[in-house]
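Let me begin by presenting the structure, written as structure tokens, before commenting on it.
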Amino acid sequence: MAGKKLLIKHAAELVTCAGAAPKMGAAMADIGIIPDGALLAENGKVCWVGPTAELPGQSEAEWEVIDAAGQCVMPGFVDSHTHMVFGGYRAEEFFWRLGGTPYLEILERGGGILNTVQATRSASLAELKTMALGRLDNMLAMGVTTVEGKSGYGLDKETELRQLAVMAELNREQPVEIVPTFMGAHAVPPEYKGRTDDYVDYIIKEVLPAVVKQGIAEFCDVFCEQGVFSLAQSRRLLKAAQSMGLKAKLHADEIIALGGAELAAELNACSADHLLQASDAGIAALGKAQTVATVLPMTAFCLRESYARARTMIDSGAAVALATDYNPGSCFSHSIPLVAALAAIQLQLKPAEIVTALTINGAAAVNRADRVGSLEIGKQADIAILGYPSHLFLVYHAGMNIVDKVIKQGQLVWNKTDQK
Numbered sequence: 001m002a003g004k005k006l007l008i009k010h011a012a013e014l015v016t017c018a019g020a021a022p023k024m025g026a027a028m029a030d031i032g033i034i035p036d037g038a039l040l041a042e043n044g045k046v047c048w049v050g051p052t053a054e055l056p057g058q059s060e061a062e063w064e065v066i067d068a069a070g071q072c073v074m075p076g077f078v079d080s081h082t083h084m085v086f087g088g089y090r091a092e093e094f095f096w097r098l099g100g101t102p103y104l105e106i107l108e109r110g111g112g113i114l115n116t117v118q119a120t121r122s123a124s125l126a127e128l129k130t131m132a133l134g135r136l137d138n139m140l141a142m143g144v145t146t147v148e149g150k151s152g153y154g155l156d157k158e159t160e161l162r163q164l165a166v167m168a169e170l171n172r173e174q175p176v177e178i179v180p181t182f183m184g185a186h187a188v189p190p191e192y193k194g195r196t197d198d199y200v201d202y203i204i205k206e207v208l209p210a211v212v213k214q215g216i217a218e219f220c221d222v223f224c225e226q227g228v229f230s231l232a233q234s235r236r237l238l239k240a241a242q243s244m245g246l247k248a249k250l251h252a253d254e255i256i257a258l259g260g261a262e263l264a265a266e267l268n269a270c271s272a273d274h275l276l277q278a279s280d281a282g283i284a285a286l287g288k289a290q291t292v293a294t295v296l297p298m299t300a301f302c303l304r305e306s307y308a309r310a311r312t313m314i315d316s317g318a319a320v321a322l323a324t325d326y327n328p329g330s331c332f333s334h335s336i337p338l339v340a341a342l343a344a345i346q347l348q349l350k351p352a353e354i355v356t357a358l359t360i361n362g363a364a365a366v367n368r369a370d371r372v373g374s375l376e377i378g379k380q381a382d383i384a385i386l387g388y389p390s391h392l393f394l395v396y397h398a399g400m401n402i403v404d405k406v407i408k409q410g411q412l413v414w415n416k417t418d419q420k
């Protein structure tokens, strides 16, 4: 969807976040700010970045020109962990949890993930697609230009493939770039209750080959957690997926310190996500690996749980990404502004680290750091323009969407003035 020639000039701040790999540790604070910055993009890619005073000579008549005076220009956000394709909602459960109802009792009431599985299995591809399209439109308005989407609400071959097919169709039909992840190992379905090993066998023998044959997923994820999938089961599944050409991700150490972070580093997974209970050893392992530690503060917020030790992770040399975990159960929100606020207030991240975590490190978590997540020559011109002069306003204007314009591959795809 490459747009025509684009010129952005006089940005109060142009934030580059330059790099083709995750920024680790102290490097996360380096976001490459150019005062009074400018950018040229052609054929959907950045072809020049620098101070406006140094713009190479060109006739502005040939370019679509955006004067960003008084505004911050930065890479489009990468939301690297969502469950955006699902049927049904679970509003009652949110308040049951706040009232202290244990999760097992919620399950007995017909709630929990299996509630969403039932609704998703019952939904047609067209129904799932319509719902997901509305969610993507809302994400785009918050500056998200790339989003990861997981299956995992089918837990059978037919529905898992349908969820991934929805993502494939939407990838062709709207501007937000979707990175598809197969997560058949999100829970054990009722028909396999008490037979988790058999379910892992089913995924490996029946579902993974179909996913790979259709070419509709790039990653395989697993909920590695006590009472769900063990370390051994997770390792077996992810190694099988890697042998078939998929890259690995893990839901790791969310409820107890099981060792998911260590397993992610061992398997050279692209990311280990959640990490609320990651051990010192797990954090140290991530600090030595290229595996991105993806923290999801809105989920902890919604569940009233302790937050992941993101500050410790960065100080230990790890690459940290921030994502929403948008899903119908534990975090029914895709608010980038709330993520940024929680990251500063609860996780003690610096504003520049938050920008890195939402851009280049988010891109690295979905194997896209070579093409998105920064504004530099040769990369996609995926850009968010803020209505304020500094990236500091992402946190300072707490919880508010301050995105003014969104550009995907050099093309203006969302403009706040058009929404009035």
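Under UniProt numbering, the residues of the sequence shown are numbered 1 to 420, in order. All residues carry an ideal CB built from backbone N, CA and C; glycine is no exception. Just so it is clear, the structure is predicted and the values come from calculations on it, not from any experiment.
Nearest-angstrom Cα separation, counted from residue j out to residue i
{"i": "Gly410", "j": "Ala285", "result": "38 Å"}
{"i": "Leu136", "j": "Thr324", "result": "13 Å"}
{"i": "Ile113", "j": "Ala187", "result": "8 Å"}
{"i": "Gln290", "j": "Leu392", "result": "28 Å"}
{"i": "Lys350", "j": "Ser330", "result": "26 Å"}
{"i": "Asp201", "j": "Leu125", "result": "26 Å"}
{"i": "Gln346", "j": "Lys213", "result": "43 Å"}
{"i": "Gly362", "j": "Met313", "result": "15 Å"}
{"i": "Phe229", "j": "Leu275", "result": "16 Å"}
{"i": "Gly110", "j": "Leu303", "result": "19 Å"}
{"i": "Ser271", "j": "Leu7", "result": "35 Å"}
{"i": "Phe95", "j": "Ile106", "result": "11 Å"}
{"i": "Leu140", "j": "Ile360", "result": "17 Å"}
{"i": "Ala269", "j": "Val292", "result": "8 Å"}
{"i": "Ala68", "j": "Gly25", "result": "31 Å"}
{"i": "Met74", "j": "Leu39", "result": "11 Å"}
{"i": "Gln58", "j": "Ala341", "result": "40 Å"}
{"i": "Pro180", "j": "Gly37", "result": "34 Å"}
{"i": "Ile178", "j": "Ala168", "result": "8 Å"}
{"i": "Phe332", "j": "Gly399", "result": "15 Å"}
Beta-carbon separation (whole angstroms), residue i vs residue j, contact threshold 8 Å
{"i": "Ala18", "j": "Cys72", "result": "Actually they do not touch by this definition, with Cβ atoms about 16 Å apart."}
{"i": "Thr145", "j": "Gly76", "result": "3 Å"}
{"i": "Gly317", "j": "Gly287", "result": "4 Å"}
{"i": "Ile383", "j": "Leu375", "result": "7 Å"}
{"i": "Gly149", "j": "Val85", "result": "6 Å"}
{"i": "Leu250", "j": "Val295", "result": "So it is not a contact: roughly 13 Å between Cβ atoms."}
{"i": "Glu132", "j": "Leu170", "result": "The residue asked about is misnamed: residue 132 is Ala in this sequence, not Glu. Indeed they touch by this definition, with Cβ atoms about 6 Å apart."}
{"i": "Gly100", "j": "Pro389", "result": "Contact doesn't hold; Cβ gap of about 45 Å is too wide."}
{"i": "Ile402", "j": "Leu394", "result": "7 Å"}
{"i": "Pro189", "j": "Asp156", "result": "7 Å"}
{"i": "Pro22", "j": "Ala369", "result": "6 Å"}
Buried or exposed by the 16-neighbour rule on C-beta atoms within 10 Å, applied to residue i
{"i": "Asp197", "result": "exposed"}
{"i": "Leu98", "result": "exposed"}
{"i": "Val147", "result": "buried"}
{"i": "Ile33", "result": "buried"}
{"i": "Phe182", "result": "buried"}
{"i": "residue 422", "result": "The shown model of the chain, from 1 to 420, leaves out residue 422, and the question about it has no answer."}
{"i": "Asp273", "result": "buried"}
{"i": "Asp404", "result": "buried"}
{"i": "Gln419", "result": "exposed"}
{"i": "Ser306", "result": "exposed"}
{"i": "Asn138", "result": "exposed"}
{"i": "Asn115", "result": "buried"}
{"i": "Thr372", "result": "Reading the sequence as shown, one finds Val at residue 372 and not Thr. Answer is buried; the Cβ neighbour count reaches 16."}
{"i": "Val78", "result": "buried"}
Residue i vs residue j beta-carbon contact at 8 Å
{"i": "Ala321", "j": "Ser122", "result": "no"}
{"i": "Val406", "j": "Gly87", "result": "no"}
{"i": "Cys224", "j": "Leu258", "result": "yes"}
{"i": "Ile203", "j": "Gly227", "result": "no"}
{"i": "Val339", "j": "Met298", "result": "yes"}
{"i": "Lys5", "j": "Thr52", "result": "no"}
{"i": "Val166", "j": "Leu128", "result": "yes"}
{"i": "Lys45", "j": "Ala381", "result": "yes"}
{"i": "Asp253", "j": "Ala265", "result": "no"}
{"i": "Asn327", "j": "His83", "result": "yes"}
{"i": "Gly154", "j": "Arg162", "result": "yes"}
{"i": "Ile31", "j": "Val15", "result": "yes"}
{"i": "Ala352", "j": "Ala343", "result": "no"}
Q) Can you give, in chain order, each stretch of the alpha helix (DSSP H) that sits fully within the segment 73-133 and has at least 4 residues? A) 91-98, 103-108, 113-122
Q | beta strand (DSSP E) runs wholly inside the segment 216-272, at least 3 long, in chain order | A | 219-224, 247-252
**Q.** Within the segment 284-339, ranges of the alpha helix (DSSP H) (whole runs, at least 4 residues)
**A.** 297-303, 310-315
Q.
Runs of 4 residues minimum, wholly inside the segment 359-415: which ones carry the alpha helix (DSSP H) assignment?
A. 360-365, 393-396
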